[in-house]
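Per the numbering used here, the sequence shown starts with residue 435, numbered consecutively.
Single-structure report; data block below.
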Amino acid sequence: MAQSPNDTAEAMAAAAEALLLGPGLQPPPGVIPKFVDPPSQAYWVYITLPICLAVSTPFVWIRLCTVFFILKSHGWADYANATAWAFLVGYCTSIYFTVEYGGGVHQWDVPLGRVIEFAKLANTTEMIYSPGLFLAKFSILLMYRRLFDTAGTGKTHYLIHILIWANLAFYFPYLAATVFQCVPRARIWDPMLKGGCINLKAAFIAASAINVVSDFSILLLPLYRLSKLKIPTRRKIGVLAIFAVGLLYAPLLCSLRLSRFLIQPAKSYEHTRLANNLFSTCIASVMRFVVSFHTGSPDKTFYLQPPALWSAGELASAILCGCMPATAAFFNHLSPMLARKWNLYLKPLNSPSKMENGGGAPPMPRSSWRAPRAWNESELLRSGSESEDGGAAIRQVVSHCSDEVAREKVEKQLLWSGWRR
435 MAQSPNDTAE
445 AMAAAAEALL
455 LGPGLQPPPG
465 VIPKFVDPPS
475 QAYWVYITLP
485 ICLAVSTPFV
495 WIRLCTVFFI
505 LKSHGWADYA
515 NATAWAFLVG
525 YCTSIYFTVE
535 YGGGVHQWDV
545 PLGRVIEFAK
555 LANTTEMIYS
565 PGLFLAKFSI
575 LLMYRRLFDT
585 AGTGKTHYLI
595 HILIWANLAF
605 YFPYLAATVF
615 QCVPRARIWD
625 PMLKGGCINL
635 KAAFIAASAI
645 NVVSDFSILL
655 LPLYRLSKLK
665 IPTRRKIGVL
675 AIFAVGLLYA
685 PLLCSLRLSR
695 FLIQPAKSYE
705 HTRLANNLFS
715 TCIASVMRFV
725 VSFHTGSPDK
735 TFYLQPPALW
745 SAGELASAIL
755 CGCMPATAAF
765 FNHLSPMLAR
775 KWNLYLKPLN
785 SPSKMENGGG
795 APPMPRSSWR
805 APRAWNESEL
815 LRSGSESEDG
825 GAAIRQVVSH
835 CSDEVAREKV
845 EKQLLWSGWR
855 R
């Protein structure tokens, strides 16, 4: 008996519903999908993202307060940095919501319906990342131009402009590739649709490699100008540390998960073991490049989270790096005492260290030591050697001498005079 069109439609709807409620990926042999309370690495999202925002947000607001209310001089660098922070907030929010749809969980433990929503959020997250990171780097390069390119000519001038245009020429085409990676666009989250997609893994690895080159170029750019300044080497290192502090913050931010979160590439959907004894020794962009090699795995919900967290660290540290000079100006205005402590490591040490001086004030020169006026050495020492009362007086003077150095000198004088206590 032939089925009616209504029966056929209902059967197709039931099959589609069953498919959406089934696992998002065929599990490895012997593995049973676990939709209720599956093993998850998502808790690292709740650690990494708050650190990103908690560290970067105060410095952004300090920069805005400094340029608007203290220096009363603001420009495109400040606007770009603040806008990059807004992108960071959106980026972290998007990553946070991916957890609700299976982020950090093996895809066979996530229903297909949730995997589709995860793919939509993952694409949105990647679209936010590109303009946000460009604006953060653009802000740093504009700051370099204001600090180092006062003449508007020379090697530094051209290097800064080359880096600005090179970043612009990369990030916006990469943004377009992220938006239109599949035709039709809905195929990004629904691979059942007919159409085609670019090689996303190759694009992701290329983007990560270019990020590494860009980050180190921006870090090394001030070295040339600093080498020309006639200031002590210690001060040069301190100035460079101001620009590099964000890059030093990045590994501390995201290394929380690296030792167990970098995963070997999956082969034939087989289980892979978490990498052990691997420690974070590189900046966030380098680690994003490393973990990008795993984006080709079909287990998207599990493998896309590590590069996303490293990207959050990279974006936050770039924003932080751009805020350091304004932060120094803020503390200079807020409190000269705090400013001295903030910039203490930038100042060359012109005096011996406390270790050399014994821990207190500089030692008194030997020629400046004088005995108390009550001591008439020639008479006192003679009387001490001739009478018992005089000896008692000398012992009393020596015992009341609080300065160890002075006491030692007095005792030597007494010894040299032939008197013994």
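For each residue, glycine too, the CB sits at the ideal point set by N, CA and C.
All of these numbers come straight from a predicted model, not from anything done at the bench.
Query raised in the report: How should ASP733 be labelled, buried or exposed, when 16 other C-beta atoms within 10 angstroms of its C-beta is the threshold for buried?
Result: buried
**Report entry** THR558 versus CYS486 - alpha carbon distance
**Finding:** 19 angstroms
Requested in this report: Identify which residue in ALA516, VAL549 and HIS540 has its Cα closest to the Cα of ASP624.
Outcome: VAL549
Requested in this report: Rounded to whole angstroms, what's the CA-CA distance from PRO759 to LEU459? Just pull it up for me.
Outcome: 49 angstroms
Report task. Using three-state DSSP, classify GLY630 as helix, strand or coil. Result -> strand
**Report entry** Neighbourhood of SER651 by C-beta distance below 8 angstroms, restricted to the same chain and skipping five residues each side
**Finding:** LEU597
Query raised in the report: Taking SER648 as the reference, which of PHE552, ALA611, GLY456 and PHE604 has the closest Cα?
Result: PHE604
**Report entry** Simplified DSSP assignment, three categories, for PRO545
**Finding:** strand
Report task. With DSSP as the reference, label ALA610 as helix, strand or coil. Result -> helix
Query - Beta-carbon proximity check, ILE594 vs TYR578, cutoff 8 angstroms - result: yes
Query raised in the report: What are the residues that DSSP puts in a beta bridge with VAL539?
Result: SER474
Query raised in the report: From this set, SER769, ALA742 and SER751, which residue's C-alpha is nearest VAL533's C-alpha?
Result: ALA742
Query - 8 angstroms CB neighbourhood of TRP519 in its chain, flanking five on each side removed - result: SER490, THR491, VAL494 and ILE753
Query - Exposure of LYS589, with buried meaning 16 or more beta-carbon neighbours within 10 Å - result: exposed
Report task. Could you name the residues of the same chain whose beta carbon sits closer than 6 angstroms to that of THR442, not counting the 5 residues immediately before and after it, in chain order? Result -> none
Report task. Let me know the secondary structure DSSP gives VAL465 once reduced to three states. Result -> coil
Query - Best match in SER745, CYS757, ALA763 and VAL523 for proximity to ILE639 [C-alpha to C-alpha] - result: SER745
Query raised in the report: Exposed or buried, PHE764, counting other C-beta atoms within 10 Å across all chains shown (16 or more means buried)?
Result: buried
**Report entry** One or two residues paired with CYS526 in a DSSP bridge
**Finding:** Answer by DSSP bridge pairing: none, since CYS526 is not bridged.
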